[in-house]
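Asker:
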Ligand SMILES: [Zn+2]
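In the numbering used here, the protein residues as written are 2 to 312.
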């Protein structure tokens, strides 16, 4: 198994293996009935960890190293054109395009195709959207507020101790939001660095754990270990909307940076950004582009404990 394949080779792989009506989607079905789970990588084209994990997983299925115990898994390359160019998106962020997908942008058309697929396959129970980051090895689980099942699912498949729960109004148009409205349990996992092996391994282990959760896959038998996880769960109270030339005014701003009520934290051509209350920042990136829909989120935080017993 080579992990050094070019983007062109990976795109070609998805084209060759594509076996359903949605381009760049590979379906693998077991001969036993079961659940239908969708895994997505490359929703942001510059985030290859999930894409590489999907290809590795598919190859192992193909050559019989591993097998699907039941049901069906769909492996979807989210934004192939952006992936080809190693860019987050071409016209607009695909992961903000699912509320009103329109034909004027490439991502709008791709979102419409994906939604059509979700609508046609009304047996899908869960969707795992694999992302990765450019700086450091940051890992976080992201899900929408007011979905009672998703926290249980997240705790059962992941030991990442950082969660971001967002209000749909603060981050509209996500793929997991579109999934949620179709009663599909949607989870984003930021798997760590784009380029590190650890990022690919984290993507792969979450994919496997998700399938194991639905009894579709048996993970290598290890002695069960039980540990107590201390989870920091950040909940959005608002999005940071960047105007032209937005800059954070706090050095080394990162997820978890604490702000006091009234504190100046950012500035753009429209004015100052001031914390409306004591809160925390969740920021996907320190560098904000003028085309970004949001520069991050202001959040409250709660800490809770979870007993994990992972196989
Ligand atoms: Zn991403």
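Cβ atoms here follow ideal geometry from the backbone N, Cα and C, with glycine treated the same way. All figures in this text were calculated on a predicted structure; none of them were measured in a lab.
1. Would you give the residue range spanned by the beta strand (DSSP E) that residue 268 belongs to?
2. For a quick check, are the C-beta atoms of residue 156 and residue 186 less than 8 Å apart?
3. In or out: residue 252 buried (at least 16 other Cβ within 10 Å) or exposed?
4. Alpha carbon to alpha carbon, how far is residue 138 from residue 110? Give it in angstroms, no decimals.
5. Ligand 1 and residue 48: does any heavy atom of the ligand fall closer than 7 Å to the residue's C-beta?
6. Which residue from 85, 180, 249, 305 puts its Cα closest to that of residue 289?
7. Check whether the Cβ of residue 44 sits closer than 7 Å to any heavy atom of ligand 1, and report yes or no.
8. Need the endpoints of the beta strand (DSSP E) that residue 167 sits in, please.
9. Could you check where the alpha helix (DSSP H) with residue 117 kicks off and where it finishes?
10. How would you call residue 196, buried or exposed, if buried means at least 16 neighbouring beta carbons within 10 angstroms?
11. Can you name, in chain order, every residue of its own chain whose Cβ lies under 7 Å from the Cβ of residue 71, other than the five neighbours on each side?
12. Run through DSSP, which three-state label would residue 208 get?
13. Determine the DSSP secondary structure at residue 292, reduced to helix, strand or coil.
14. Under 7 Å: does the beta carbon of residue 193 sit that close to some heavy atom of ligand 3?
15. Expressed to the nearest angstrom, what Euclidean distance is found between the alpha-carbon atoms of residue 83 and residue 177?
16. Verify the CB distance criterion: does residue 217 have a CB-CB separation below 8 Å to chain C?
17. So for residue 143, helix, strand or coil by DSSP?
18. May I ask whether a heavy atom of ligand 1 can be found less than 7 Å away from the beta carbon of residue 207?
19. May I ask you to report which of helix, strand or coil DSSP gives residue 217?
20. By how many angstroms is the C-alpha of residue 283 removed from the C-alpha of residue 300?
21. Where does residue 23 sit, in a helix, a strand or coil, going by DSSP?
22. To which residues does DSSP link residue 274 through a beta bridge?
23. Within 10 Å of its beta-carbon, does residue 265 have 16 or more other beta-carbons around it, so buried, or fewer, so exposed?
Answerer: Considering the structure as presented:
1. By one-based count along the chain shown, residue 268 stands at place 267. DSSP places residue 268 inside the beta strand (DSSP E), whose first and last residues are 265-269.
2. Within the chain shown, residue 156 is the residue found at index 155, counting from 1. Within the chain shown, residue 186 is the residue found at index 185, counting from 1. No. Outside cutoff.
3. Along the chain shown, one-based indexing puts residue 252 at 251. Exposed, since its Cβ has fewer than 16 Cβ neighbours within 10 Å.
4. Position 109 of the chain shown, counted from the start, is the residue given in the question as residue 110. Position 137 of the chain shown, counted from the start, is the residue given in the question as residue 138. For residue 110 and residue 138, the distance between alpha carbons rounds to 32 Å.
5. Translated into positions along the chain shown, residue 48 becomes position 47. Under cutoff, so the answer is yes.
6. Counted from its first residue, the chain shown places residue 289 at position 288. The residue with the shortest Cα to Cα distance from residue 289 is 249.
7. Looking up residue 44 in the chain shown gives position 43. It does: the Cβ of residue 44 is within 7 Å (strictly closer) of some heavy atom of ligand 1.
8. As a position in the chain shown, residue 167 is number 166, starting the count at 1. 163-167 is the span of the beta strand (DSSP E), which, as asked, contains residue 167.
9. Residue mapping note: residue 117 aligns to position 116 of the chain shown, counting from 1. DSSP places residue 117 inside the alpha helix (DSSP H), whose first and last residues are 107-121.
10. Within the chain shown, residue 196 is the residue found at index 195, counting from 1. The residue is exposed, with fewer than 16 neighbouring Cβ atoms inside 10 Å.
11. Counting from 1 along the chain shown, the entry for residue 71 is found at position 70. If the five residues before and after residue 71 are omitted, its C-beta is found closer than 7 Å to the C-beta atoms of 31, 33, 34, 35, 216, 217, all from its own chain and listed in chain order.
12. In the chain shown, residue 208 corresponds to position 207, counting from 1. The answer is helix: DSSP assigns residue 208 an H, G or I state.
13. Position 291 of the chain shown, counted from the first residue, corresponds to residue 292. In the structure shown, residue 292 sits in coil (DSSP, three-state: anything other than H, G, I, E or B).
14. Among the ligands modelled here, namely ligand 1, ligand 3 does not occur.
15. If you number the chain shown from 1, residue 83 lands on position 82. If you number the chain shown from 1, residue 177 lands on position 176. Note on geometry: alpha-carbon atoms of residue 83 and residue 177 lie some 19 Å from one another.
16. Looking for chain C here will not work: only one protein chain is present.
17. The residue you call residue 143 lines up with position 142 of the chain shown. Strand, per DSSP.
18. Taking the chain shown and counting its residues from 1, one reaches residue 207 at position 206. For ligand 1, not one heavy atom lies less than 7 Å from the Cβ of residue 207.
19. Counting from 1 along the chain shown, the entry for residue 217 is found at position 216. In this structure, residue 217 counts as coil in the three-state DSSP scheme.
20. Mapped onto the chain shown, residue 300 falls at position 299. Mapped onto the chain shown, residue 283 falls at position 282. The straight-line gap from Cα to Cα measures roughly 7 Å.
21. The residue you call residue 23 lines up with position 22 of the chain shown. In the three-state scheme derived from DSSP, where H, G and I count as helix and E and B as strand, residue 23 is classed as coil.
22. Position 273 of the chain shown holds residue 274. For residue 274, the beta-bridge partners assigned by DSSP are 267.
23. By 1-based counting over the chain shown, the position of residue 265 is 264. By the 10 Å Cβ count, residue 265 comes out exposed.
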